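Using our numbering, read the sequence shown as starting at 11 and increasing by one per residue.
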Amino acid sequence: MKKITCAICNDSSSELIYNKGIFKRGEKLVKFNNVICKECGLVYINPRKAPNDVMGFSKENYVASCFALDTEEKIEEYMQHVLEKNKGENINLTFLSKFLKPEYNVLEIGSGFGLFLKDIKNSYGCKTKGIEPATSACYAIAKYGLDIYHGTFEEFYDKERGAEKFDIILMHHVFEHFSEPVQILKKISTFLNLNGFLYIEVPNILNFERRVRHFFDFWHYYNYSPATLSRVLKNGGFKIISRNVKKPSRIQVIATRIESNILELNLENENSYKEIKKYIRKRIISDSFYVIPAYTKKILKFISQRILQKK
């Protein structure tokens, strides 16, 4: 177990905010500490284990072990579920569309089963490349004929060292998995064209749909608010220029290099620490009503909603 300091302000002053969460979908919760920095409000796991120290875990089997997608049949069922849920459309392209051009070279870090890249390639004609350490990369190559580097971003970086440049780099529910986000952003910058865009989507710790115990994830080293994501990006040399407010339970943003002449979208909040603590406390109270017998749930759900609405 390794103790760390805050990735934003390097402060070691923090307090426990929650001590359990998901390790593997559908299984019992496990204990691990999410703390909040008293200085800036960043929430992160501390102390933490390195992935390689977790018994039975490897980057190659992450999807299979954590999401129980260990057969081609289960993968196909999952893909069908995603398509039905999104009504056959990629809802992320609506936000991203104004930043895409046919001549663009697009890189996705953590390309998963290849749905995002496939839709960008087919809808806009962009040249695409993916990076995926899990065996889902093999599915994306076989199913859609995509150009996927089967390995981690760090391995890709060590091999390429910014040799190829991209106009847009995507990280869809990937950034929260990096243990050293600022260093990763600086490495990403070496692959991005001078006027390129960085797309990031992460869970929003100030507005999530799941119960608290199911929000915190053993594999999410950091849990961001709009303010703390903005500050981490700045530490890595980026600024946010656009946010999709239609997805409140997610923070979906476009960023550029800090030196870009595009106007920055200010998402920072001086009271991030107090705001996050207050929200988590309300959610814990609200969640406690879920264990009450069914005949009282309707009444208590109403009370729960009123608690969340109260400022």
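For every residue, glycine included, the Cβ atom is placed at its ideal position computed from N, Cα and C.
Being a predicted model, the structure only gives us computed values, none of them experimental.
Just to confirm before moving on: does the CB-CB distance between residue 214 and residue 253 stay below 8 Å?
Not in contact: residue 214 and residue 253 (Cβ atoms no closer than 8 Å).
Please confirm if the region 41–52 is in contact with the region 23–31, defined as three or more CB-CB distances below 8 Å between the two stretches.
Yes: at least three Cβ pairs fall under 8 Å.
Taking 8 Å as the cut-off, decide whether the C-beta atoms of residue 140 and residue 127 are in contact.
Yes; because the gap between Cβ atoms is below 8 Å, this pair is in contact.
Any contact of the region 171–186 with the region 218–236, i.e. 3+ C-beta pairs under 8 Å?
Counting Cβ pairs under 8 Å, three or more are found: they touch.
Taking its Cβ as the centre, do 16 or more other Cβ atoms sit within 10 Å of residue 181, making it buried, or is it exposed?
Classification for residue 181: buried.
Short of 8 Å in beta carbon distance, which residues of its chain neighbour residue 16, apart from the five on each side in sequence? Order them along the chain.
Result list for residue 16: 22, 24, 47, 49, 50, 52, 54, in chain order.
Using 8 Å as the threshold, is the C-beta distance between residue 317 and residue 296 below it?
When the beta-carbon positions are compared, residue 317 and residue 296 come within less than 8 Å of each other.
Which residues mark the beginning and the end of the beta strand (DSSP E) in which residue 176 is found?
Counting along the chain, the unbroken beta strand (DSSP E) around residue 176 starts and ends at 176–182.
Residue 106 classed as buried or exposed, judged by whether at least 16 other C-beta atoms fall within 10 angstroms
Of the other Cβ atoms in all chains shown, 16 or more fall within 10 Å of the Cβ of residue 106; this residue is therefore buried.
Give every residue of the same chain whose Cβ lies closer than 6 Å to the Cβ of residue 66, excluding the five residues on either side of it in the sequence, and list them in chain order.
Residue confidence is low: residue 66 scores 49 on pLDDT, short of 50, so the model does not pin down where it sits. Its coordinate-derived value is still stated next. By the criterion of a C-beta distance shorter than 6 Å, residue 66 is surrounded by no residue of its chain, once the five residues flanking it on both sides are discounted.
Using the Cα positions of residue 251 and residue 217, report the straight-line distance between them to the nearest angstrom.
Their backbone Cα atoms lie some 21 Å apart in a straight line.
Which whole runs of the beta strand (DSSP E) in the region 229–287 are 3 residues long or more, in chain order?
Segments of the beta strand (DSSP E) lying fully in the region 229–287: 248–253, 260–267.
Compute the Euclidean distance between the alpha carbons of residue 13 and residue 309, then round it to the nearest angstrom.
Cα-Cα distance, rounded: 43 Å.
Let me confirm a value: residue 262 is counted as buried when at least 16 other C-beta atoms fall within 10 Å, else exposed. Which label applies?
Buried is the call here.
DSSP on residue 29, reduced to helix/strand/coil?
Of the three classes helix, strand and coil, the one that applies to residue 29 here is strand, per DSSP.
Do residue 246 and residue 192 have their C-beta atoms within less than 8 Å of each other?
One thing to note: residue 246 has its Cβ within 8 Å of the Cβ of residue 192.
Looking only at its chain, what residues have a beta carbon closer than 6 Å to the beta carbon of residue 241, apart from the 5 residues adjacent to it on each side?
For residue 241, where only same-chain residues beyond five positions count, the Cβ hits under 6 Å are 18.
Pick helix, strand or coil for residue 200, following the three-state DSSP scheme.
In the three-state reduction of the DSSP assignment, residue 200 falls in the coil class.
Exposure of residue 143, with buried meaning 16 or more beta-carbon neighbours within 10 Å:
Answer is buried; the Cβ neighbour count reaches 16.
For residue 13, three-class secondary structure by DSSP
Note: residue 13 maps to coil in three-state DSSP.
Beta-carbon contacts of residue 279 that lie in its chain and below 6 Å, excluding the five residues immediately before and after
Counting only residues of its own chain and dropping the five nearest sequence neighbours on each side, residue 279 has a CB closer than 6 Å to the CB of 237.
Ordered list of beta strand (DSSP E) runs contained in the region 124–153, each at least 3 residues:
If we require 3 residues or more, the beta strand (DSSP E) runs fully inside the region 124–153 come out as 137–141.
Local conformation of residue 217 per DSSP, three classes
If DSSP states are grouped into helix, strand and coil, residue 217 belongs with coil.
Output the boundary residues of the alpha helix (DSSP H) element that contains residue 166.
Its alpha helix (DSSP H) spans residues 163–170.
Going straight from the alpha carbon of residue 294 to that of residue 202, what length do you get?
Rounded to the nearest angstrom, the gap between the Cα atoms of residue 294 and residue 202 is 41 Å.
So, with DSSP's three-state summary, where would you put residue 314?
Note: residue 314 maps to helix in three-state DSSP.
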